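Visitor:
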Amino acid sequence: MHTVFSEFALLLMMSAAAGAFSLWLRQPVLIAYIVIGIVVGPAVLGIVTAHDQIDLLAQVGVAMLLFVVGLKLDLKHIRHIGPVALATGLGQLAFTIVIGFLIVLAMGKGWIEALYIAVALTFSSTIIIVKLLSDKHEIDSLHGRIAVGFLIVQDLAVVIAMMVMSALRGDAGEGSLLSLAGSLGLRIGIAVAGLYLLMRFVLPRVVARMAQSQELLLIFAVAWGTGLAALGEWAGFSKEAGAFLAGFSLASTHYRNAINARLTGIRDFLLLFFFIDLGSKLDFSTLGNELWPALTLSLFVLIGNPLIVMAIMGYMGYRKRTGFLCGLTVAQISEFSIIFVAMGISLGHLDKSALGLTTLVGLITIALSTYA
0 MHTVFSEFAL LLMMSAAAGA FSLWLRQPVL IAYIVIGIVV GPAVLGIVTA
50 HDQIDLLAQV GVAMLLFVVG LKLDLKHIRH IGPVALATGL GQLAFTIVIG
100 FLIVLAMGKG WIEALYIAVA LTFSSTIIIV KLLSDKHEID SLHGRIAVGF
150 LIVQDLAVVI AMMVMSALRG DAGEGSLLSL AGSLGLRIGI AVAGLYLLMR
200 FVLPRVVARM AQSQELLLIF AVAWGTGLAA LGEWAGFSKE AGAFLAGFSL
250 ASTHYRNAIN ARLTGIRDFL LLFFFIDLGS KLDFSTLGNE LWPALTLSLF
300 VLIGNPLIVM AIMGYMGYRK RTGFLCGLTV AQISEFSIIF VAMGISLGHL
350 DKSALGLTTL VGLITIALST YA
C-alpha cells in the first residue's frame, strides 16, 4: 500500500545507501542526496507524491542550518581573526561578485539573475572546508585558521545578502533604491534593538530555566529558531535571516554548546529533505542549455576564486604556499549558494533555470574540490 509513511521510509533507506556509497567515493553526502532527489523525482522514477511534506521539512532544515550558524558565531573570535581573514574574506567577496556578474551578463542573463548567481559564487562550504581541514589535521595550522576566519566573514555576508534581497521582494522596480535602503535600515535597527534587549534581559533567564531539562532545552531551541524565522518572514526579511538571528541571540549564553550538540543531528536530518527536494525539482529540459554556462562558472570557481585569495594574501606579504593552501579552500560553492538562489525564486526574482545552473555548478565544484 502506497502511503506517505512508506515514501519517507523508502527515501531514508535510499539516502542511507547512497550516502554510504558517496563516502566510499570520498564525496560529500549532499551530492548523494541531490542524486536521490533526481532519481525519485519526475525526471526518472516519479515515485514521490508527498511534495508538500518534503518541502515543509526542507524549509525547517534550512532554518535550522542558519540557526546553528548564528549559534556558533563568536564575536570574540571575529575580533581576533586578524586583518588577513577580514581582508581576504571581503576582498574575495568583492572580486568574485564583480567578475562573476560580468561573466553571467556576458552569457545573456538579466542583471538580477546575474547578481544572484554572482553572489552565490562567492560562498564556500563551511561544512566541507572544516571537514577537509579536520581530516588532514590542518584546522589549527596558519592557513586553516585564516580559512576559518574568512568563512565567518562569508557566513555574515550570506545573511546580509539574504536580508537585502528580501527587501526587494516582488517587483524590484517599486520605489527607489534610497527608500528601500531606508526601509531595510529601519527594520534592521528595530531588529537589532529588540534582539539586544532580549539577549540582555530576557533570554539568559529563560534559557537557564529551560536548561533544567535537556529535552525542554532542545524543544525551546527549535521553537525559538522556527518562531523567529517565521517572524523574520512576516517582518519582510526572510525565514533564513530570522533563524540566523535566533541562533545568534543564544550564542552568548552558557548553553550554546549543549544546544549545538543536540541540534546538529536534527539539522543534518532535515537538510536531507532540502537536497532531495532540490534534486526532484530539477528541470532537465532546461539543464541542457545550462551545461556550458555551468562549466564556465565552475572553472571560474575552481581557478578564479583561489587565484583571488592568493593575490590578496600575496599582497599582504604571506608566502605563496600559505596563499595557495588558503585558496584551495574556496574552490567550491556552498549549500548556502543553492539556498540563496532558491530564496530568489521564492521572492519572485528568478526562474527555475537559475537554480538549475547554480546546482550544476555546485555539483561540479564540490565533487572536484574534495580531491584538492
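With numbering that gives the first Met the number 0, the residue at position 259 of the sequence shown is 258, and numbering never jumps.
For glycine and all other residues, C-beta sits at the position ideal for the given N, C-alpha and C.
Treat the numbers as computed from the prediction; the structure is a model and nothing was measured.
Kindly give me the distance between the Cβ atoms of Ser-336 and Gly-361, rounded to whole angstroms, as I take these residues to be in contact under 8 Å.
Guide: Correct: roughly 6 Å between the Cβ atoms.
Visitor: Determine, for Gly-18, whether the minimum Cβ-Cβ distance to residues of chain C falls below 8 Å.
Guide: Judged by its chain identifiers, the structure shown contains no chain C, having just a single protein chain.
Visitor: Can you grab the Cα-Cα spacing for the pair Leu-89 / Leu-294, in whole Å?
Guide: Going by the C-alpha atoms only, they are around 25 Å apart.
Visitor: Measuring alpha carbon to alpha carbon, tell me which residue in Asp-350, Glu-214, Ile-332 and Ser-248 is nearest Val-118.
Guide: When only C-alpha atoms are compared, the closest one is Ile-332.
Visitor: Which runs of the alpha helix (DSSP H), 4 residues or longer, sit entirely within the stretch 187-229?
Guide: The qualifying runs are 202-209.
Visitor: Alpha carbon to alpha carbon, how far is Arg-199 from Leu-290?
Guide: Cα to Cα, the separation comes out at about 51 Å.
Visitor: Using the Cα positions of Asp-51 and Lys-280, report the straight-line distance between them to the nearest angstrom.
Guide: Approximately 12 Å, taken between the alpha carbons.
Visitor: Using 8 Å as the threshold, is the C-beta distance between Val-340 and Tyr-115 below it?
Guide: Yes; because the gap between Cβ atoms is below 8 Å, this pair is in contact.
Visitor: Taking only three categories from DSSP, how would you classify Met-164?
Guide: Three-state DSSP puts Met-164 in a helix.
Visitor: With a threshold of 7 Å on Cβ separation, who are the neighbours of Tyr-254 within its own chain once the five nearest residues in sequence on each side are excluded?
Guide: Excluding positions up to five away in sequence, the list reads Val-206, Ala-210 and Leu-216.
Visitor: Just the Cα atoms here: how many angstroms apart are Ala-49 and Ile-365?
Guide: Ala-49 and Ile-365: Cα-Cα distance of roughly 29 Å.
Visitor: Report buried or exposed for Ile-102, applying the criterion of at least 16 other Cβ atoms within 10 angstroms of its Cβ.
Guide: Its Cβ being crowded by 16 or more others within 10 Å, Ile-102 is buried.
Visitor: Alpha carbon to alpha carbon, how far is Arg-320 from Met-312? Give it in angstroms, no decimals.
Guide: Roughly 10 Å between the two C-alpha positions.
Visitor: May I have the straight-line CA-CA distance separating Gly-172 from Gly-107, to the nearest angstrom?
Guide: Unreliable positioning characterises Gly-172 in this predicted model, as indicated by a pLDDT of 49, which lies under 50. A coordinate reading is not provided.
Visitor: By Cβ distance, which residues of its chain are closer than 7 Å to Ile-128, with the 5 residues on each side in sequence left out?
Guide: So the qualifying residues of the chain are Ala-146, Leu-150 and Thr-328.
Visitor: Which word fits Lys-238, buried or exposed, when buried means at least 16 other C-beta atoms lie within 10 angstroms of its C-beta?
Guide: The residue in question, Lys-238, is buried, as its Cβ has 16 or more Cβ neighbours within 10 Å.
Visitor: According to DSSP, is Phe-122 part of a helix, a strand, or is it coil?
Guide: If DSSP states are grouped into helix, strand and coil, Phe-122 belongs with coil.
Visitor: May I have the straight-line CA-CA distance separating Phe-7 from Val-61, to the nearest angstrom?
Guide: Distance between the alpha carbons of Phe-7 and Val-61 is about 19 Å.
Visitor: Helix or strand or just coil, what does DSSP make of Gly-361?
Guide: Three-state result, Gly-361: helix.
Visitor: Spatial neighbours of Ala-353 within its chain, please: CB distance less than 6 Å, with the 5 preceding and 5 following residues excluded, ordered by chain position.
Guide: Cβ within range, chain order: Glu-112 and Val-340.
Visitor: In three-state terms, what does DSSP make of Glu-381?
Guide: Only positions 0 to 371 of the chain appear in the structure, and residue 381 is not among them; the question remains open.
Visitor: Since Phe-66 and Gly-246 are thought to touch, with beta carbons under 8 Å apart, how far apart are those beta carbons, to the nearest angstrom?
Guide: Between Gly-246 and Phe-66 the Cβ distance is about 4 Å, and since that is below 8 Å, they are a contact.
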